[in-house]
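A.B. asks: Protein sequence lines correspond, in order, to chains A, B, C and D. The numbers in our numbering rise by one with no breaks, and the one at position 337 of the first sequence is 447. The numbers in our numbering rise by one with no breaks, and the one at position 37 of the second sequence is 125. The numbers in our numbering rise by one with no breaks, and the one at position 21 of the third sequence is 7. The numbers in our numbering rise by one with no breaks, and the one at position 93 of the fourth sequence is 848. Please see the structure below; I have some questions.
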Amino acid sequence: MLTNTKDIEQVMKVVGTSPVRPDGVPKVTGQAQYGADYSLPGMLWAKVLRSPHAHARILSVDTSKAAALPGVKGIILGSDFPDHPFDYVGPERVAQNYWHMTRNIMAREKALFEGHAIAAVAATTLAIAAEAVSLIEVKYEVLQHCIDVEDAMKPDAPLLFEDMITRGVEPAPSKPSNISKRLEFSVGDIAAGFASADEVVEMSFKTAAVHQGYIEPHSCLARYGADGQCELWSASQGHFVVRAYTAKLVGMEIGNLLVHPAEIGGGFGGKTVVYVEPMAVLLSRKTGHPVKIMMSREDVFKSTGPTSGSSMTVKIGVKKDGTIVAAEGLFKFQAGAFPGSPVMNATMCAFAPYIIPNVKSVGFDVVSNRPKSAAYRAPGSPISAFAVESVLDILAKKIGMDPLKLRLKNAVKAGSPTAWGPKHSHDGYAETIQALLDHPQYNKPLGKNQGRGVASGFWFNGGGESTASVHINEDGTVVIATGSMDVGGSRASMALMAAETLGVPYESVRSTVADTASIGYNHVTGGSRVTYATGIAVVEACNKVIEDLRLRASLMWDTDIKNVVWSDGYAKPVDKSVGNFEPLSLKAIAGKRAVTGGPIGYEASTNAGGQAPGFSTQFVDVEVDPETGAVKILQFVAAQDVGRAIHRDYCAGQIVGGVVQGIGWALNEEYIYDSKGRLSNAGFLDYRIPVASDLPMIEAVLVEVPNPSHPFGVKGVGEANIVPPMAAIANAIENAIGRRMTELPMSPPRVLAAIDAG
Amino acid sequence: MSKHHVTTVINGDPVEFLCQPNVSLLDVLRDELNMTGTKEGCGTGDCGACSVTLDGRLVCSCLVLGVEAQGKSIQTIEGMANGETLHVLQRKFLEHAALQCGICTPGFLIAARSLLERNNNPTEEEVRFWLAGNLCRCTGYNNIITAVLEAAREMRGA
Amino acid sequence: MQADIAATPVKAVKVTFTAGFSRRYTDSIREFEVQAKNIRGVIRAMNELFPGLGETLEEETSIAIDGVIHEVDYTQPVKPGSEVFFIPRIEGG
Amino acid sequence: MMEMRFETPKTAEAASALIAATPGLSKIFSGGTDLMVHMRSGNIKPDLVLDIKSIAEMNVIAVENGGYRVGAAVNCMQLLENTAFATTWPGVIDGANLVGSIQVRGRATLGGNLCNASPGADTVPAMIAAGAIASIVGPNGRRDVPVEQIPAGPGKTSLAKGELIVSFFLPKRAPHSGDAYLRFTPRTEMDIAVVGVGLSLTLDDKGVCTHARVSLGAVADRALLVPEAAAALIGTTVDAAALAKLAAAASAAARPIDDKRGTKEFRIKVAGVLARRAAEKALSRAKGKN
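And the structure:
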């Protein structure tokens, strides 16, 4: 698939440096435009009425008073969207059930969670829209609700869908339930495996739902014309996916919807789906005005995807020498109000880092009256890893083995088996463990009430569909465009790879993200896929340009293209026999653009495969206040195999950012519900993400085991880093105070209760 | 609702606007004056993305009424660079990769400048506590703290 | 599927499914051998054995060719004797 | 649409008269750090909002009869920046320094923190421990009330309609006095106290505690003054035994609830822990070691 792939061992000129990002100055001067920063003449403001109930049948919605309010231009309900048949279909890379999706955007028969959208109003001012919302009269029949996954699985639990039969169970159950799906990955003989173990530990764990916590609330602006053409400005992780979902949900042709990629103020998976976009488009169509919707922070917490909370049981058996002989996991995940938790990923990733001959990993996808879960950084893997990496730590103690050495002994490498079937195809895990074993601080003694914990994590990483274009300007500067939203510095890494391939300075490459009409399809910026897959497209396009530049040089030299080579940014004669020609720069060739065949530019598309998984191993030192249960992070070291760092600082930034999100998940972040099923901490005051004063400097260790499938050896770097922290901190707490925490978050009241329980 | 006529100074320039008495300074800046560099992350004073200074005092503009701007002087991110010349903090944020998505960056820069105006030689801990009212979900804060310390060093000529 | 192998002139491509997937779609048979030069050939052969399966494979799976993960892409070449493993598609954050 | 009046009276009497004369809901607006949030969410829809920051006497920090007069509209940052006050009442500063963030402290005021009547307000236990007296202006003139008598439950105060707090008086400090405020929060900043303890004590020349006041926050429907806890210290050298008694008394006085911020058991235990730690801090301040 790749032409003249670079030798991954070769010395790079710009790849691996850390230049300033192209989007940097607009972002430090306030000029960058995010989802909420666009406005248009004649624009209306929309406000959404949301359900105050966790579970209620919608008996009637009376919008007459609201519609009569001066300044109100349009009101929509769920029933204004076309309905969809109940099935799991494309066109997206993962089959979607649009019957579910349209009901998640706006409730129809029932409100399934507090904050579920019921109606939306567009008016000339936000204040009028807000007052109109307060005038809408909804009659609800409040129903029994369920929040916790265990409660939702009980036979007598209130049903969200009266006809939902569990998938993946044979024979199919005769009665409906809240269990949407059961899945299992098995290998070997689990009973025999445990029978051969010297030590077996089985333990149950709970984790809380946690939100991606991006600082930018979902916002968009839509302009729908009488000709059926619509433009949408939206902050998302993938404007092509926003286009596909929105067009399908509103019932329009994809070609009629042009989506502009606004700067995105954080996503972490939560902006791979749509919430406000279809409402804005429908309101704009209905009113003939541009319509802007901005979620409030409360809306974001109550109505957009957190990742699942869970109940899990994990059992692992080892030999005295540390060999893992069997592992069994049961993972019950909250999907939220509609099926689709990341439980499959969790069951696959749970034991993925280890060579285990006998594995049984079972997952349940369970609906309850919470917002539907959305992807969050390595979806599912951090949750199952909390359980697995905690149990491994206990086993290491039982057999008196260093916890890193236990992991090293069982670490997978290329050719190792997996529970889901195919063999691992890459090394990299052992190297991350070794990096910590070699770390000067790893054996540093600790003080009273202090403890050190380690854990590892696995994430698949993504490939998939991407498109990029490269154009050479008449002065020899370069413009590249991709359709991949830049959430972490991809414009810079694309420019670095283009500069390296063309042999020109980074500064001469202008790197942009194009709208859906200006470049081919790109799948979401998620799954740590962009530097890998979109990077491949960029390099492919650059290679096409190089072929063309050689051709044009051969025309200028009256020789055959095979006599022209491209190196260090110049066309050069392959040898003296061709003639005594001065090397031709990009500028020199571009200067002859017209007479050598016109504009110089190519687009390349790929459905990239060959991506390598990400492995991360981390150690953390904590201090526990034995009188309050407060846990202080003293030191955190995170090693991750990045394949090859394209932009060194941004790779480190991904690792540090993921670790700190993990620290919040471990210690304080959680969705807290009251007895009526209402979220009681829907704000940044009581949903406690880490603040600067909570943290020390986090140390990122970049391990580079190149992936031969990528021209520069890239492996995705965005996600694996959030997998280990929760278990690492739990293991550190155990080493500090001798208490095993099995429920997240490990908040002060829980830790203190564990201490007092003795 | 009857609007108040407000006369104020923003980034050194005289500005007049009309606003209803219950509208926040943040909404005035963004929606009336189209100064969208100041961001809304929460609207409740918990994230610091809307940080501005009001007569030199660091505040969340979402917790200030527009009418309170009367006769006062406001500094926003739009006034931080001097023409083509970036403020040293802006430069250090770029050099040290102190931003990823960048939505929190204007608030951090305004807050950091207000710290360095009071204390041009802060410790790492002082920087971390001063900036605790500014949430960043991308960076884990490392590079932000480093950038502020480096900016302080340069401003001291050290 | 043994009959196929007997009639096989060159080394066949080994096609494998997860237990759950094979329960749902391939009468619980997990392993097959087919003649194919690329993924299109593999999908065509499987679709002949189980009409409609091709669509499902394209919509719901990724593939591992000798362990290396790829998206389902007709043009992806497969060598004689290589193993093509259909796995559930993963979506990241 | 809702008509909301906004006024900026120049005297406390004028403010009081406006409130008394206005039917419906009137709200005093100084820092706005709570009111803005409630107005935005629609929980509070005032008919009249009074910005009292241009009332001169509400903005002063002045020495009065050897004590301090602090305006109710003085914000936390102004207080922190007043070094003379800060050295005299470091415990009050502890509290003011924990309100919200720097941004919030630049707005939030002592009067607002008290009248918002949140049981977890950080400045209130310190002010109660300091023996602060609120000076109130209302339709019937002026009256002085000890701070602990102002809160009447979550969001409720003992102020009558038309009354507003103009300033606080903190008495003259005896030699060998120290105070402290400590709170527990899951994060180091940007949090609401799960438990808060304000404590002030005075020693004689021999180091025996002659006077003490202890106040607990976030363990009841309002900040509590806990004489039993103070009694544990008075007459002692604030030794280990006294500190243990203090902790026990503080825990005994706590009558908290379970909520999203902490459990009953946690608050009761930590109230004792923080009382002891606050006493140790106040003691070292009284002995001149800050």
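Each residue gets a CB set at the ideal place from its N, CA and C atoms; glycine is no exception.
#1: To which residues of the same chain is T4(C) closer than 8 Å at the C-beta, ignoring the five residues directly before and after it?
#2: Helix, strand or coil: which one does DSSP assign to F822(A)?
#3: Tell me which same chain residues have a C-beta within less than 8 Å of the C-beta of P934(A), skipping the five on either side of it?
#4: Please report how far the alpha carbon of V469(A) lies from the alpha carbon of A460(A), in whole angstroms.
#5: What whole-angstrom Cβ distance do P894(D) and G917(D) have, given they're in contact under 8 Å?
#6: At what residue ranges does the region 6 to 41 of chain C contain a whole run of the beta strand (DSSP E), taking only runs of 3 or more?
#7: Got a sec: is the Cβ-Cβ distance from Q750(A) to anything in chain C below 8 Å?
#8: Mind checking if I98(B) is an interface residue toward chain A, Cβ cutoff 8 Å exclusive?
#9: For T838(D), which residues from the same chain have a beta carbon less than 8 Å from its beta carbon, with the 5 sequence-adjacent residues on both sides left out?
#10: Within 10 angstroms of the Cβ of M486(A), are there 16 or more other Cβ atoms? Answer buried if so, exposed if not.
#11: Would you be able to state if there are at least three C-beta pairs under 8 Å between the region 712 to 720 of chain A and the region 641 to 657 of chain A?
#12: Quick one, which residues of the region 485 to 516 of chain A are near chain C if we go by CB-CB under 7 Å, in chain order?
#13: What residues from chain A crowd round E128(B), counting only those whose CB sits closer than 8 Å?
#14: If I'm right that E54(A) touches K175(A) with Cβ under 8 Å, what's the distance once you round it to whole angstroms?
#15: Taking a contact to mean a Cβ-Cβ separation below 8 Å, would you say G572(A) touches P400(A) in this structure?
#16: Closest by CA to P834(A), which one among D784(A), N778(A) and F746(A)?
#17: Should the region 802 to 821 of chain A be called in touch with the region 224 to 236 of chain B, which here means at least 3 C-beta pairs below 8 Å?
#18: Compare the C-beta of P74(C) against all C-beta atoms of chain A and say whether one is closer than 8 Å.
#19: Using beta carbons (cut-off 8 Å, strictly below), is K785(A) in contact with chain D?
#20: Are any of the Cβ atoms in chain D nearer than 8 Å to that of L795(A)?
#21: Name the residues in the region 45 to 60 of chain C whose C-beta lies less than 7 Å from a C-beta of chain A; which are they?
#22: Which of the three DSSP states is assigned to H67(A) in this structure?
#23: Quick check on I756(A): does DSSP put it in helix, strand or coil?
#24: Q21(C) versus chain A: which residues are under 7 Å apart at the beta carbon?
#25: In its own chain, which residues sit with a C-beta less than 7 Å from the C-beta of V435(A), not counting the 5 before and 5 after it?
#26: Taking 8 Å as the limit between beta carbons, can you name the residues of its chain near I257(A), skipping five residues before and five after?
#27: Step through the CB atoms of chain D and report whether any lies within less than 8 Å of the CB of N817(A).
#28: Using a Cβ cut-off of 9 Å, pull out every chain B residue sitting near D806(D), in sequence order please.
#29: T878(D) by DSSP, collapsed to three states: which one?
#30: Kindly list the residues whose CB is nearer than 6 Å to the CB of R760(D), restricted to its own chain and excluding five residues on each side of it in sequence; keep chain order.
#31: Taking Cβ to Cβ, would you say A447(A) is nearer than 8 Å to F196(A)?
#32: Short check: CB of P736(A) to CB of I847(A), under 8 Å?
#33: Measuring CB to CB, does T173(A) end up less than 8 Å from A229(A)?
#34: Can you give me, in chain order, the residues of the region 732 to 743 of chain A that have a beta carbon less than 8 Å from any beta carbon in chain D?
#35: Helix or strand or just coil, what does DSSP make of D658(A)?
#36: Which class does D1014(D) belong to by DSSP, given the choice of helix, strand or coil?
C.D. replies: Straight from the coordinates:
#1: Residues of the same chain with a CB within less than 8 Å of the CB of T4(C), apart from the 5 flanking positions on each side, are R16, F72, I73 and P74 in chain order.
#2: Assignment of F822(A) by DSSP, reduced to helix, strand and coil, places it in the coil class.
#3: No statement about residue 934(A) is possible, as the shown extent of chain A runs from 111 to 868 and does not include it.
#4: 10 Å
#5: 4 Å
#6: With a minimum length of 3 residues, the continuous beta strand (DSSP E) runs that stay inside the region 6 to 41 of chain C are 17 to 20.
#7: no
#8: no
#9: none
#10: Residue 486(A) is actually Tyr in this sequence, not Met. Only buried fits Y486(A), as 16 or more other CB atoms lie within 10 angstroms of its CB.
#11: yes
#12: A485, Y486, R487, A488 and P489
#13: For the C-beta of E128(B), the chain A residues within less than 8 Å are, from N- to C-terminus, A146, P327 and M404.
#14: With chain A covering only 111 through 868, there is no way to say anything about residue 54(A).
#15: no
#16: F746(A)
#17: yes
#18: With a threshold of 8 Å between beta carbons, P74(C) makes contact with chain A.
#19: Checking the displayed sequence, the identity of residue 785(A) turns out to be Ser instead of Lys. It does not; no Cβ of chain D falls within 8 Å.
#20: yes
#21: E45, E46, A50, G53, V54, I55, H56, E57 and D59
#22: Given a span of 111 to 868 for chain A in the structure shown, any question on residue 67(A) remains unanswerable.
#23: Coil.
#24: The premise fails here: Q21(C) is roughly 21 Å from chain A at the closest Cβ pair, so nothing lies under 7 Å.
#25: Within the same chain, V435(A) has close Cβ partners G303, S306, A307, G427, V428, K429, P467 and N468.
#26: A164, S478, N479, R480, Y783 and G787
#27: no
#28: L153, V155 and E156
#29: helix
#30: For R760(D), same chain residues with a beta-carbon under 6 Å away, outside a window of 5 residues either side, are L803 in chain order.
#31: no
#32: Taking 8 Å as the Cβ cut-off, P736(A) and I847(A) qualify as a contacting pair.
#33: yes
#34: E737, T738, G739 and A740
#35: helix
#36: strand
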